[in-house]
Structure formats: C-alpha cells, structure tokens
Amino acid sequence: MSIFFQNEVHILSAILRMGQKGSMVDNVSAGGIQCGIHMDGTLYEKGSDKYGNWISRHPNGFLFKEIKIPSYDRVLETIKKNHKYLPYFKIIGWDFAIDREGEPVLIEFNVSPEQNQLTCGPTFGKLTDQILEEVFVKKTLKGSAD
1487 MSIFFQNEVH ILSAILRMGQ KGSMVDNVSA GGIQCGIHMD GTLYEKGSDK
1537 YGNWISRHPN GFLFKEIKIP SYDRVLETIK KNHKYLPYFK IIGWDFAIDR
1587 EGEPVLIEFN VSPEQNQLTC GPTFGKLTDQ ILEEVFVKKT LKGSAD
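If you want it as structure tokens, here you go:
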C-alpha cells in the first residue's frame, strides 16, 4: 500500500497472501494466510489467518521469518515510479506477482485498498502525525473533510 503525500510516494505497508494446500485462492477470507513484509523483503515473524489467529509457520512447514521475497526492491521501485502517474489516488493498494525471471508483474491496483492494520500495524506508520495534521488541521489535501 502506498500513499502520494507531499509530492512523494511513500510505502505504507505490504503483506504476502498465501493459499493453503488444496486451495485455488490466496484470499484470507477464503482460508488463506497473510504475513507482513518488511521493507527489505523479509517476512514478519508471524502471520494471521481469517480468524485473526497469529501463526509463525505456514501449514506447509516453513517459518515466515526465514522467507525473503525475491526482487522485492524492484516491486517497491515500480510502485514509487507508477504512483506518481496517478496522483489523484492518494492511497493505492498494489497486487504484484514475481515471474520466474524475477520480474515484478502488476496484477491490479486498488484505489480503495483494504487496511493492512491487523498484520502491519497503524496504516500511516511514521507518517500518522503529519497526515492527521494535513487532513484535520490544515485541511490541505484535496478531498479531505471540511
């Protein structure tokens, strides 16, 4: 998830969605699992299921904290480059896959992304105070409440 704020693209949070054995989809609501991704591409120590249960190991056996997403830096570069072309969408949720050659493949972007707060913590992270100031005090962001 990224935000276009003060003429700069900021990465807010990222999650890896994973299916389970026998599942055709990775949606958490359909039985998948989600795990936060650190900015260096490594997974958080724990992920969660649709019931909000915290787990440190995928049912297939691997520990989340031992996984690093290949080419993750290229995904972040792609987001930062392309969000600038969509400045009217302040917050975008991006869905990517990584192909066999390590290239990021954009699946879709969502201009009404779901919150990643359960897995990754506060939506705006380090930018929370600045964004609240802009939206509720200065009211300078287009589309913010009057």
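Residues 1487 to 1632, numbered by this note's numbering, are exactly what the sequence shown covers, in order. Using N, Cα and C, we set each Cβ at its ideal position, and we do this for glycine too. Predicted model only: the values in this text are computed from it and were never measured.
Would you say Pro-1545 reaches chain D, if we count a Cβ-Cβ gap shorter than 8 Å as a contact? Looking for chain D here will not work: only one protein chain is present.
Chain-order list of residues whose beta-carbon lies under 6 Å from that of Pro-1545 (same chain, five-residue window excluded): Gln-1506
Could you compute how far the alpha carbon of Pro-1573 sits from the alpha carbon of Asn-1493? 8 Å
Going along the chain, which unbroken runs of the alpha helix (DSSP H) with 4 or more residues stay wholly within the segment 1557–1617? 1558–1569, 1603–1606
Contact check, Pro-1590 vs Met-1487 under 8 Å by CB: the rounded distance? Pro-1590 to Met-1487, Cβ: 16 Å. No contact.
So which of Asp-1581, Pro-1608, Leu-1613 has the shortest CA-CA distance to Leu-1502? Asp-1581
Could you name the residues that DSSP lists as bridge partners for Val-1495? Phe-1490
For the beta strand (DSSP E) holding Met-1504, just list the boundary residues, first then last. 1501–1504
Spatial neighbours of Leu-1498 in its chain, beta-carbon cut-off 7 Å, leaving aside the 5 residues before and after: Met-1487, Ser-1488, Ile-1489, Thr-1609, Phe-1610, Gly-1611
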